[in-house]
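Residue numbers (numbering that gives the first Met the number 0), protein chains in the order written: chain A, 0 to 309; chain B, 0 to 74.
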Amino acid sequence: MPDAAHARPKATLFLKDISMGSSDMLRQALERAAVPGVLSDGTPVRMLAHGAAAAIARQSGASLRQAEIAALELGLVPERYLRNFATLDCAGQARLLRARVALVGLGGLGGHILEGLARMGVGHIRIADHDVFEATNLNRQLLATQAELGMPKADAAARRVAQVNPAVELDVWRDRLEGQDFARFYAGVDVAVDALGGVAFRPVAEAGAAAAGAPLIAASVAGWTAMVATALPGERGLAGTFFPNGRSAATPAEDVLGCQPPALLVAAGLVLSEAVRLALGQPPRLGGPHGRMAVVDLSSVSLDRLSLRG
Amino acid sequence: MHITVKCYATLQRFQPEDGEEFSPPGGGTVHDVVLALGIAPEDVAVIFVNGLHAPMDKALAEGDRLGLFPAVGGG
Numbered sequence: 000m001p002d003a004a005h006a007r008p009k010a011t012l013f014l015k016d017i018s019m020g021s022s023d024m025l026r027q028a029l030e031r032a033a034v035p036g037v038l039s040d041g042t043p044v045r046m047l048a049h050g051a052a053a054a055i056a057r058q059s060g061a062s063l064r065q066a067e068i069a070a071l072e073l074g075l076v077p078e079r080y081l082r083n084f085a086t087l088d089c090a091g092q093a094r095l096l097r098a099r100v101a102l103v104g105l106g107g108l109g110g111h112i113l114e115g116l117a118r119m120g121v122g123h124i125r126i127a128d129h130d131v132f133e134a135t136n137l138n139r140q141l142l143a144t145q146a147e148l149g150m151p152k153a154d155a156a157a158r159r160v161a162q163v164n165p166a167v168e169l170d171v172w173r174d175r176l177e178g179q180d181f182a183r184f185y186a187g188v189d190v191a192v193d194a195l196g197g198v199a200f201r202p203v204a205e206a207g208a209a210a211a212g213a214p215l216i217a218a219s220v221a222g223w224t225a226m227v228a229t230a231l232p233g234e235r236g237l238a239g240t241f242f243p244n245g246r247s248a249a250t251p252a253e254d255v256l257g258c259q260p261p262a263l264l265v266a267a268g269l270v271l272s273e274a275v276r277l278a279l280g281q282p283p284r285l286g287g288p289h290g291r292m293a294v295v296d297l298s299s300v301s302l303d304r305l306s307l308r309g
Numbered sequence: 000m001h002i003t004v005k006c007y008a009t010l011q012r013f014q015p016e017d018g019e020e021f022s023p024p025g026g027g028t029v030h031d032v033v034l035a036l037g038i039a040p041e042d043v044a045v046i047f048v049n050g051l052h053a054p055m056d057k058a059l060a061e062g063d064r065l066g067l068f069p070a071v072g073g074g
């Protein structure tokens, strides 16, 4: 970006000139940029107009994510997050920007989940998919476009996140994850997500999240049925329940019914709500000691809450 | 004995019309009900009774809610 290229040397000079802590400088610049804003219900807030945090980040040498966190800690809401309020407050939004979520699978579920995580403002997102787009993905996958056919899903995901929310620091894994890879992939994250398509790698993903000590939110879909469950480390999750031998004994329902956007979007919404809860330090509702799996059947429009504990 | 039966995804085609007030004709286990519905037991991946994960040989009681799932792993 040409702007960044010529802004950076000036910022360095400025830092040397005033010999002040860069975080103080960052805060002062953010305060100077604050403008009055209002939430939809008329509540006044102090806001940073879109682009202000990015410009200040460039000048101060901070990352955009760090600049947004610093702004929120001063009670300044970056304009892009205004509609996250008051479901989130400044502390909650800052906490999301510090959170780490790892998501495997960038297909029907993963594309929508990644989109939601980026728009909510989850600051660190690790993604993995080794696959390329095929024409059969076009019926449901957010990242699949005709122009992307034959192109890696991970590359499309990285471009999309950069376009949607450049504050997100994305860690892209392009290799196929197998066995022990999942424990490395999920290491150090607040929330692990299994958005894999098909049965094959779900059991090892669940084992990997447990080994990494990360709560795992897993979703699966077939036709008009969507199900989402959270497994805390040591608990049996969706994969352990549905595929206790590590594979499916019978033809899985998605091979008969396919996967379509209505159930995928419901599942993605359930995953996102749970991911935000966990990232904010709240207890899970789709697993854990007091939570239960959610199953939505869109053909009868029913919601069932089922316990995997037995 | 009357129970509530809900069959999900590919098993939905076996959903009885009287699923809210189903009277299993045979014995009283999940396995008996599965057979009575015409479902091959190997096609049932997961069973819930009253919202709790349950085994195929679980005995059912009046008013129980039975949920039958095939393997589901799509995304």
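From the three backbone atoms N, C-alpha and C, an ideal C-beta is built for every residue, glycine too. Here the structure is a predicted model, which means the values were calculated and not measured.
The continuous stretches of alpha helix (DSSP H) do not include R82(A), and DSSP gives it neither H nor E. A Cβ-Cβ distance of about 14 angstroms is found for the pair I46(B) and P23(B), leaving them out of contact under the 8 angstroms criterion.
Setting aside the 5 residues that flank it on each side, A58(B) is surrounded in the same chain by G27 and T28, each with a C-beta closer than 7 angstroms to its C-beta; the list follows chain order. Note on geometry: alpha-carbon atoms of S39(A) and N83(A) lie some 11 angstroms from one another. In the same chain as E41(B), and ignoring 5 residues on each side of it, no C-beta atom comes closer than 8 angstroms to its own. Under the three-state reduction of DSSP output, P165(A) falls in the coil class, being neither helix nor strand.
The CB of F47(B) comes closer than 7 angstroms to the CB of L305 in chain A, given here in chain order. DSSP, reduced to helix, strand and coil, places P261(A) within a helical segment of the structure shown.
G74(B) counts as buried, since at least 16 other C-beta atoms from the protein chains shown sit within 10 angstroms of its C-beta. With a cutoff of 7 angstroms on beta-carbon distance, L215(A) and A199(A) are scored as not near each other. For I38(B), no beta strand (DSSP E) encloses it, and the DSSP letter there is neither H nor E.
If you check the CB distance, D189(A) and A278(A) come in under 7 angstroms. Rounded to the nearest angstrom, the Cβ distance from A252(A) to A218(A) is 14 angstroms, too far for a contact under 8 angstroms.
From the beta-carbon of R175(A), no residue of chain B is found nearer than 7 angstroms; the closest lies around 16 angstroms away.
Only buried fits E114(A), as 16 or more other CB atoms lie within 10 angstroms of its CB.
According to DSSP, K5(B) shares a beta bridge with G66(B).
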